[in-house]
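J.: Quick one: the structure is below, questions incoming.
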Amino acid sequence: MKRKIGLGLAILFVVLGICFLLFSGRIAGPGETANATMKVTDSTGRDVDIPLHPKRVVILNASNVDLYVAAGGGDNIAGIATSEAYSDEVKKAMANAKEVGIIHSPSVETILSLQPDLVIGTNVPFHQALTETLGKAGIPLYINSVNIFDDLYSSITLFGRLNGQEQVAEKKIADMKADYKAVMEDVKDRMPPKSLIIFGNPQSFNMATQKTFTGNLIKCLGGGNIADTINDSNAYIPLNLEFLTKENPEVIFIIMMGDKKAMEEKVRTELEGHPAWQNVKAVQNKRVYILPFNLFTINPGVKAIEALKMVKGYMYDK
0 MKRKIGLGLA ILFVVLGICF LLFSGRIAGP GETANATMKV TDSTGRDVDI
50 PLHPKRVVIL NASNVDLYVA AGGGDNIAGI ATSEAYSDEV KKAMANAKEV
100 GIIHSPSVET ILSLQPDLVI GTNVPFHQAL TETLGKAGIP LYINSVNIFD
150 DLYSSITLFG RLNGQEQVAE KKIADMKADY KAVMEDVKDR MPPKSLIIFG
200 NPQSFNMATQ KTFTGNLIKC LGGGNIADTI NDSNAYIPLN LEFLTKENPE
250 VIFIIMMGDK KAMEEKVRTE LEGHPAWQNV KAVQNKRVYI LPFNLFTINP
300 GVKAIEALKM VKGYMYDK
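Using numbering that gives the first Met the number 0, you'd call the opening residue of the sequence shown number 0 and step up by one each time.
Listed below in structure tokens is the structure:
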């Protein structure tokens with residue numbers, strides 16, 4: 000009898016141990032080793048070997064943090080970008096992560112001190128410049144740039160796999176696709192208004208084309224962005240008030256980057272104070288909308304659907 004009890008307890012402890020390792024991500028699945036890697040192609044076209052199930056991840060921009068959390072990640076994130084764009088849900092999941100600096104100025108020293116086995120960045124020079132330094136330290140850098148909805152879906156799929164949370168990722172994607180389909184059905188066969196996106200920073204005002212996140216939202220909703228009529232390959236084109244008056248958009252969206260008070264004053268003096276501004280339909284009909292910072296200065300990750308619905312409302316329902 001004692002031998003049977005002892006054998007039963009031994010089996011129980013083994014089963015509990017395996018369960019612990021599985022749920023803590025410390026045991027490999029079928030055909031995998033504990034340090035398994037996979038080769039992926041990042042947004043720069045570079046092939047990168049990354050851990051199949053990373054244990055300590057540093058993410059250098061808010062969009063990728065949002066997507067990583069939505070795909071079931073959180074416990075394995077050691078460092079995150081400093082940002083005001085995080086939702087309360089993401090802040091809660093990232094409570095134990097250390098900030099490594101803003102998107103355009105990540106601290107290499109802080110990143111290295113966290114001893115990550117994977118760093119995720121976006122397609123900006125400040126992140127690409129880390130490739131050599133991180134490579135010498137044996138740390139892979141994966142550049143993941145998100146501009147359109149397909150990028151969102153593929154990012155969530157990858158991050159779900161890295162977290163061992165494929166089903167969570169699939170559910171999130173299915174929900175987003177259902178919401179997207181509903182919005183598209185609502186605008187089907189409707190004539191889009193002529194519109195313009197003005198992106199303002201302390202140095203200048205620019206017109207955003209369909210190559211930007213918000214410009215792509217307008218394209219999805221039927222088009223009508225006057226900046227897309229210009230034969231220019233750039234994502235942003237300097238604002239031309241003569242062009243604005245000539246095209247006479249019915250809706251204007253303004254996105255402001257930088258100090259809020261300073262930018263509001265810049266809008267008042269350089270745009271609202273200009274005679275040409277007052278002759279535009281969007282201004283005369285009070286259809287000039289300042290878009291919220293947390294949804295439009297960056298790609299807001301899974302909240303892109305919320306941003307899409309907001310733009311749709313301003314385009315068609317106001």
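Each residue gets a CB set at the ideal place from its N, CA and C atoms; glycine is no exception.
Note down, one range per segment and in chain order, each beta strand (DSSP E) of at least 3 residues found wholly within the stretch 43 to 115.
T.: 46 to 50, 56 to 58, 76 to 79
J.: May I ask which residues mark the beginning and end of the beta strand (DSSP E) holding G159?
T.: First-last for G159: 148 to 161, but that is the alpha helix (DSSP H), not the beta strand (DSSP E).
J.: Using a Cβ-Cβ cut-off of 7 Å (strictly less than) and excluding sequence neighbours within five positions of F89, which residues of its own chain qualify?
T.: Note that residue 89 is Val in the sequence shown here, rather than Phe. Residues V64, D65, V68 of the same chain have their beta carbon placed closer than 7 Å to that of V89, with the five preceding and five following residues left out of the count.
J.: By the 10 Å Cβ neighbour count, where 16 or more other Cβ atoms means buried, how is R267 classified, buried or exposed?
T.: A residue is called buried once 16 or more other Cβ atoms fall within 10 Å of its Cβ, and R267, having fewer, is exposed.
J.: Given that a residue counts as buried once 16 or more other Cβ atoms are within 10 Å of its Cβ, and exposed if not, what is A62?
T.: Just to set this straight, residue 62 is Ser in the shown sequence, not Ala. Buried, since its Cβ has 16 or more Cβ neighbours within 10 Å.
J.: If distances are taken between C-alpha atoms only, which option among D185, N230, G73, T81 comes closest to N162?
T.: G73
J.: Check whether the Cβ atoms of L140 and V123 lie closer than 7 Å to each other.
T.: no
J.: Mapping DSSP to helix, strand and coil, what is I225?
T.: helix
J.: Please go through the same chain and pick out, in chain order, the residues whose beta-carbon is closer than 6 Å to the beta-carbon of I102, but skip the five residues on each side of it.
T.: N60, A80
J.: Using a 10 Å radius around the Cβ and a threshold of 16 neighbouring Cβ atoms, would you call M190 buried or exposed?
T.: exposed
J.: Quick check on the burial criterion: 16 or more other C-beta atoms within 10 angstroms. Buried or exposed for R45?
T.: exposed
J.: Quick check on DSSP: helix, strand or coil for L270?
T.: helix
J.: Since I225 and E246 are thought to touch, with beta carbons under 8 Å apart, how far apart are those beta carbons, to the nearest angstrom?
T.: 4 Å
J.: P299 and A84 look like a contact to me (Cβ under 8 Å); what is the Cβ gap, rounded to whole Å?
T.: 7 Å
J.: Where do the N-terminal and C-terminal ends of the alpha helix (DSSP H) with A35 fall, by residue?
T.: A35 -> no alpha helix (DSSP H), and no H or E assigned at all.
J.: Since Y288 and F252 should fall inside the 8 Å C-beta cutoff, what is the C-beta to C-beta distance between them, to a whole number of angstroms?
T.: Sure, about 5 Å apart at Cβ, within 8 Å.
J.: Does I217 come out as helix, strand or coil in the three-state DSSP assignment?
T.: helix
J.: What does P318 pair with, by DSSP beta-bridge criteria?
T.: Nothing in the structure corresponds to residue 318, since the chain is present only between 0 and 317.
J.: How big is the Cα-Cα spacing for N205 and L220?
T.: 21 Å
J.: Which of helix, strand or coil does DSSP assign to I172?
T.: helix
J.: Buried or exposed: I155, going by 16 or more other Cβ atoms within 10 Å of its Cβ?
T.: Label assigned to I155: buried.
J.: Ignore the nearest five residues each way along the sequence and tell me which others in G244's own chain have a CB closer than 8 Å to its CB.
T.: For the sequence presented, residue 244 should be read as Thr rather than Gly. Taken in chain order, the residues that qualify are A275, N278, V279.
J.: Please identify the residue among M256, A261, V301 whose C-alpha is closest to the C-alpha of P291.
T.: M256
J.: Under the rule that 16 or more other beta-carbon atoms within 10 Å means buried, what is S194, buried or exposed?
T.: buried
J.: List the residues that DSSP assigns as beta-bridge partners of Y141.
T.: DSSP lists I119 as partners of Y141.
J.: Helix, strand or coil for I251 per DSSP?
T.: strand
J.: Secondary structure at G199, three-state DSSP: helix, strand or coil?
T.: strand
J.: Just mark Q166 as buried or exposed, buried being the case when its beta carbon has 16 or more other beta carbons within 10 Å.
T.: Under this definition Q166 is an exposed residue.
J.: Can you check which of these residues, P50, D48, E263, D178, is closest to M309 by C-alpha distance?
T.: D178
J.: Quick check: what's the CA-CA separation for G223 versus M175?
T.: 24 Å
J.: Just reading off the alpha helix (DSSP H) that V287 is part of, what are its end residues?
T.: Premise fails: V287 lies in the beta strand (DSSP E), 287 to 289, not in any alpha helix (DSSP H).
J.: Taking the alpha carbon of F158 as the reference point, which residue from M93, N200, I110, A70 has its own alpha carbon closest?
T.: Nearest C-alpha to F158: A70.
J.: In chain order, what residues of the same chain have a beta carbon less than 7 Å from the beta carbon of S42, not counting five sequence neighbours either side?
T.: The residues are N122, I142, N143, S144.
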